[in-house]
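Following: one structure in structure tokens, then a few remarks.
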Amino acid sequence: MKKISLLKSIFGILAFALVFTACEIDPGTGGEDPGTGGLVTGPSISLVDEAGFLSVDASVSPDTDFSVKITGTRGDAALRALFVQEDFLDLDPSRFLINGAPSAANPRLLLAPDNEGFTWELTIRSQDAADTRNYNFIVEDESGEMSSTSINITATGGNPPVVTIGGSGMFSADAGGLISLPLVAEAGSFELSSISVFENGELMQDFADRLFYDDLNNAFDSNPYALPEEDRMSLDRTLFIRASDTPGVNTYRVVLTDEFGNSTPTEFTIDTGIAGTDVNTLTGVLFNRAGPAGTGGLDLDTGAGTGSADMAAEIRDEGINGDAIDVNWIKTITGVNGTDLRSLFPGLEGLSEFFTFDDIEKKEQLEGLWESSFVFENTNADGDLTSFEVEVGDIFIALNAGTYYTFIVREVNETPDNNDDNYVVDIKF
Numbered sequence: 003m004k005k006i007s008l009l010k011s012i013f014g015i016l017a018f019a020l021v022f023t024a025c026e027i028d029p030g031t032g033g034e035d036p037g038t039g040g041l042v043t044g045p046s047i048s049l050v051d052e053a054g055f056l057s058v059d060a061s062v063s064p065d066t067d068f069s070v071k072i073t074g075t076r077g078d079a080a081l082r083a084l085f086v087q088e089d090f091l092d093l094d095p096s097r098f099l100i101n102g103a104p105s106a107a108n109p110r111l112l113l114a115p116d117n118e119g120f121t122w123e124l125t126i127r128s129q130d131a132a133d134t135r136n137y138n139f140i141v142e143d144e145s146g147e148m149s150s151t152s153i154n155i156t157a158t159g160g161n162p163p164v165v166t167i168g169g170s171g172m173f174s175a176d177a178g179g180l181i182s183l184p185l186v187a188e189a190g191s192f193e194l195s196s197i198s199v200f201e202n203g204e205l206m207q208d209f210a211d212r213l214f215y216d217d218l219n220n221a222f223d224s225n226p227y228a229l230p231e232e233d234r235m236s237l238d239r240t241l242f243i244r245a246s247d248t249p250g251v252n253t254y255r256v257v258l259t260d261e262f263g264n265s266t267p268t269e270f271t272i273d274t275g276i277a278g279t280d281v282n283t284l285t286g287v288l289f290n291r292a293g294p295a296g297t298g299g300l301d302l303d304t305g306a307g308t309g310s311a312d313m314a315a316e317i318r319d320e321g322i323n324g325d326a327i328d329v330n331w332i333k334t335i336t337g338v339n340g341t342d343l344r345s346l347f348p349g350l351e352g353l354s355e356f357f358t359f360d361d362i363e364k365k366e367q368l369e370g371l372w373e374s375s376f377v378f379e380n381t382n383a384d385g386d387l388t389s390f391e392v393e394v395g396d397i398f399i400a401l402n403a404g405t406y407y408t409f410i411v412r413e414v415n416e417t418p419d420n421n422d423d424n425y426v427v428d429i430k431f
């Protein structure tokens, strides 16, 4: 009797286990249809890989349109709705179009025949910040089954600000002295946001005593300095920098940044008195090319007048025209013997409007000035570039065989009854 009871107990346990197992749901099928006892087939959604549409993670400009093409397929139940999400929150319907038309709502209800399956083109306005966000597309059917696909969009790029800081690229100042720099900027794709100033590669921390925006009463209160609202699209201001107390050449970088992180840097140096090599200075006289023999050229290394065809000359006068002798002097000059001659116009080509010839103290400044020089536009009969008509105060810069020269016209002397006309110039090299 004990053996029969034991067998009954074992059979009972086995029967219970079989019933319990038969009631479990296969986790890979989505469950059974409670009406039929069969497996449920849910909807599916995918991104179409096609030219003109994004189907994988991508980078775009902030606040610009990108397009995706999605295909939704029904399962056992008709499709009910499409959800468009940004970082898993429903996207404002005003930020996307479906097949070129605004969407009235999000989620978007699917009506016949789209509830049987659809392929739609979505145009979406990207985020207005320089970051990465997930755009998720979810289709739901009438049974509540869902399927999703997504893409990561990184907003970056756009046109950076356009910035000009006037100057020669190298300035001289007393240790601790103030330098004023014309600062002109135009926003690129996005509004300007801030200005940062670096000294020798490091963000300046002593900004309150050394950096001023447009007015010496307006010291930087931070670095980067937040631009005022009225300067966000364009600005024409003066940046004041107090030079280092330590003698030497220091490098500065000024960076204009827009609201999405696009930036434009510009660099220059300030020489506080010791570093660099002093320029050579001398005075020379350049005569009318049609004047006495052996004149018409000028050796910028010595200040000595030469013949206009002399190999020692770097510049020459262009002589006369056919007018009467008292008015026939052309008063233009050109470079010779391989000399490239140009003009320096304060306020043009990036040169500070406050620039003067007296600012030039070091040879190292001349190369920076060359970058801000104006290339002649006129030519003579031989096709050589020639200056505008020369006037007192005109400043020129020349380059020959790696040596830079600059000179200012101190006098323009016209002789009414002969061709002894001449220019008196001060030279630095």
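In this text, residue positions in the sequence shown follow the numbering used here: the first is 3, and each later residue adds one. Beta carbons: idealized from backbone N, C-alpha and C, even for Gly. Values in this document were obtained by computation on a predicted structure and should not be read as measured data.
Could you please give the first and the last residue of the uninterrupted beta strand (DSSP E) stretch that includes residue i?
i	result
L84	L81 to E88
K430	N424 to K430
L237	S236 to R244
P267	S265 to D273
R127	G119 to R127
I397	I397 to N402
G299	G298 to L300
M148	M148 to A157
S61	A60 to V62
R46	Residue 46 is actually Ser in this sequence, not Arg. That run of the beta strand (DSSP E) goes S46 to L49.
D260	V251 to D260
L288	T283 to F289
L112	Element bounds for L112: n/a, residue is neither H nor E.
R318	I317 to D319
S389	Where S389 is concerned, there is no enclosing beta strand (DSSP E), given that its DSSP letter is neither H nor E.
D67	D67 to T75
N138	T134 to D143
N322	According to the sequence shown, residue 322 is Ile rather than Asn. Where I322 is concerned, there is no enclosing beta strand (DSSP E), given that its DSSP letter is neither H nor E.
Just checking my contact of residue i with residue j at CB under 8 Å: how many whole Å lie between their CB atoms?
i	j	result
T156	T134	4 Å
V392	I335	6 Å
Q87	I140	7 Å
V338	I317	7 Å
V42	E142	No, V42 and E142 are not in contact; Cβ-Cβ is about 14 Å, not under 8 Å.
G168	S354	4 Å
L368	T408	6 Å
N225	S198	6 Å
N424	N290	7 Å
T259	S195	5 Å
A80	E52	Wrong, their Cβ atoms sit about 26 Å apart, outside the cutoff.
G305	G278	At roughly 23 Å, the Cβ-Cβ gap does not stay under 8 Å, so G305 and G278 are not in contact.
D419	I327	7 Å
A187	L124	Not really, about 37 Å apart at Cβ, beyond 8 Å.
S246	T274	6 Å
Quick check: residue i and residue j, are their CB atoms within less than 9 Å of each other?
i	j	result
F200	V165	no
E261	F356	no
W372	I397	no
L284	G307	no
P363	D301	The sequence shown places Glu at residue 363, rather than the Pro named in the question. No, these two residues do not count as a Cβ contact at 9 Å.
G190	P163	yes
N374	G171	Note that residue 374 is Ser in the sequence shown, not Asn. For S374 and G171, yes; Cβs fall inside 9 Å.
N106	P115	The residue you asked about is not Asn; residue 106 is Ala in the sequence shown. It is not a contact, given that the beta carbons lie outside the stated cut-off.
N421	A292	yes
L84	W122	yes
R344	F376	yes
F55	V70	yes
G250	A132	no
Y406	F431	yes
Y227	L205	no
D233	A221	no
F209	S128	no
D325	A314	no
Along the chain, where does the alpha helix (DSSP H) that runs through residue i open and close?
i	result
F209	F209 to R212
Compare the C-beta of residue i against all C-beta atoms of chain D and say whether one is closer than 9 Å.
i	result
G337	This model lacks chain D altogether, as it is built from one protein chain only.
Requested in this report: Decide yes or no for the touch test of the region 65 to 77 against the region 40 to 51: beta carbon pairs closer than 8 Å, at least 3 of them.
Outcome: Taking a cut-off of 8 Å for Cβ pairs, the region 65 to 77 and the region 40 to 51 touch, as three or more such pairs fall below it.
Query raised in the report: Should the region 225 to 242 be regarded as contacting the region 173 to 190, the criterion being three or more beta carbon pairs within less than 8 Å?
Result: yes
Query raised in the report: Which ranges does the alpha helix (DSSP H) cover as unbroken runs of at least 4 residues, wholly within the region 325 to 386, from first to last along the chain?
Result: 365 to 373
Query raised in the report: Which runs of the alpha helix (DSSP H) fall wholly inside the region 171 to 233 and span at least 4 residues, in chain order?
Result: 209 to 212
Requested in this report: Could you tell me whether the region 287 to 307 touches the region 319 to 333, using the rule of 3 or more Cβ pairs below 8 Å?
Outcome: yes
Query raised in the report: Is the region 58 to 66 touching the region 98 to 112 in the sense that three or more CB pairs, one from each, lie closer than 8 Å?
Result: no
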